[in-house]
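Asks: Heads up, the sequence shown stops at 178 in my numbering, and the numbers go up one at a time, no gaps.
What follows is a structure written as structure tokens; I'll ask about it next.
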Amino acid sequence: MILILGPPGAGKSVQAELLSEKGKVQWLSLGQILRENLSKDVKRRMEKGELVSDEVVYGLLEKALDEAPANPPIMLDGFPRRYSQLEWLVDYSERNNCEVSMIIHLMISEEEALSRLDKRGRLDDDVETVSVRFRQYKKDVTLVVNTFGERGVTIYEIDGSDTIENVQKAMIEKMSL
Ligand code: AMP
Numbered sequence: 002m003i004l005i006l007g008p009p010g011a012g013k014s015v016q017a018e019l020l021s022e023k024g025k026v027q028w029l030s031l032g033q034i035l036r037e038n039l040s041k042d043v044k045r046r047m048e049k050g051e052l053v054s055d056e057v058v059y060g061l062l063e064k065a066l067d068e069a070p071a072n073p074p075i076m077l078d079g080f081p082r083r084y085s086q087l088e089w090l091v092d093y094s095e096r097n098n099c100e101v102s103m104i105i106h107l108m109i110s111e112e113e114a115l116s117r118l119d120k121r122g123r124l125d126d127d128v129e130t131v132s133v134r135f136r137q138y139k140k141d142v143t144l145v146v147n148t149f150g151e152r153g154v155t156i157y158e159i160d161g162s163d164t165i166e167n168v169q170k171a172m173i174e175k176m177s178l
């Protein structure tokens, strides 16, 4: 399993989707899965940029992971986002022999990210919500990089500010996909 990290607007979904289309990974985005399974409470939290409850996330993610074919590797986007989720992931991946093998960190400045999100205009892309999501991203990075880095998992930092094509090329090269 591969984890992809990056601030809102870094291009995680664009890049992961391109890799999926090429058959190199199976992209699983928690944000996307949640948007397809909106309840009132999920919608309210997402609109504020707040995390949805673990119970909801685990149920949806477990189903998606169980249903995914064995190959190509899963590229998980938006998970784990807190320590309880990290423990859940480690437990699930050990039980199912799909441990985290690599981490991609798509990096971009806050200014560039903000200008991209301004153009995208998703419901949770307003200034206030974006700042909550940025703070969350910084926590995600610390959690994931510290824990998996200590376990010896390779972390590739990729400049996400280049063109879509160049970022895609850099990812394929670094990941040897
Ligand atoms: P993203 O598409 O990754 O920017 O996520 C959009 C929103 O979905 C987040 O702001 C959260 O409200 C929710 N979300 C995504 N991933 C998670 C997660 N692992 N745990 C809880 N909520 C999440």
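We put the beta carbon where it would ideally sit given N, CA and C, even for glycine.
These figures come from a predicted structure and were not determined experimentally.
Is it buried or exposed for Gly-134, if we count other Cβ within 10 angstroms and need 16 for buried?
Replies: Taking the first residue of the sequence shown as 1, we reach residue 134 at position 133. In the sequence on display, residue 134 carries Arg and not Gly. Buried, because 16 or more other Cβ atoms sit within 10 Å of the Cβ of Arg-134.
Asks: By the three-class DSSP mapping on this structure, what secondary structure does Ser-132 have?
Replies: Counting from 1 along the sequence shown, the entry for residue 132 is found at position 131. It is helical.
Asks: Buried or exposed: Arg-136, going by 16 or more other Cβ atoms within 10 Å of its Cβ?
Replies: Taking the first residue of the sequence shown as position 1, residue 136 is located at position 135. When all chains shown are included, Arg-136 counts as exposed.
Asks: Any chance the segment 164 to 172 sits against the segment 7 to 22, with 3 or more Cβ pairs inside 8 Å?
Replies: yes
Asks: Decide if Ile-179 is buried, meaning its Cβ has at least 16 other Cβ atoms within 10 Å, or exposed.
Replies: Outside the shown range of the chain, which is 2 to 178, sits residue 179, and nothing can be said about it.
Asks: When you compare only the Cα positions, how much space is there between Asn-38 and Glu-68?
Replies: For the purposes of this step, residue 38 is taken as the residue at position 37 of the sequence shown. For the purposes of this step, residue 68 is taken as the residue at position 67 of the sequence shown. Looking at the backbone, the Cα of Asn-38 and that of Glu-68 are separated by about 16 Å.
Asks: According to DSSP, which residues form a beta bridge with Glu-158?
Replies: Taking the first residue of the sequence shown as position 1, residue 158 is located at position 157. Answer is His-106, bridged to Glu-158.
Asks: Under the three-state reduction of DSSP, which class applies to Ser-21: helix, strand or coil?
Replies: Here residue 21 corresponds to residue number 20 of the sequence shown, with the count starting at 1. Helix at Ser-21.
Asks: Does DSSP classify Leu-124 as helix, strand or coil?
Replies: Position 123 of the sequence shown, counted from the start, is the residue given in the question as residue 124. In the displayed model, Leu-124 falls within coil according to three-state DSSP, outside both helix and strand.
Asks: Report yes if the CB atom of Ile-105 is closer than 8 Å to the CB atom of Met-2, and no otherwise.
Replies: Counting from one through the sequence shown, the residue named residue 105 turns up at place 104. Counting from one through the sequence shown, the residue named residue 2 turns up at place 1. Result no, Cβ atoms of Ile-105 and Met-2 do not sit closer than 8 Å.
Asks: In the DSSP output, what is Ser-30 paired with across the bridge?
Replies: Translated into positions along the sequence shown, residue 30 becomes position 29. According to DSSP, residue pairing for Ser-30 in a beta bridge involves Asp-78.
Asks: In three-state DSSP terms, what is Leu-90?
Replies: For the purposes of this step, residue 90 is taken as the residue at position 89 of the sequence shown. Looking at Leu-90 - three-state DSSP - the assignment turns out to be helix.
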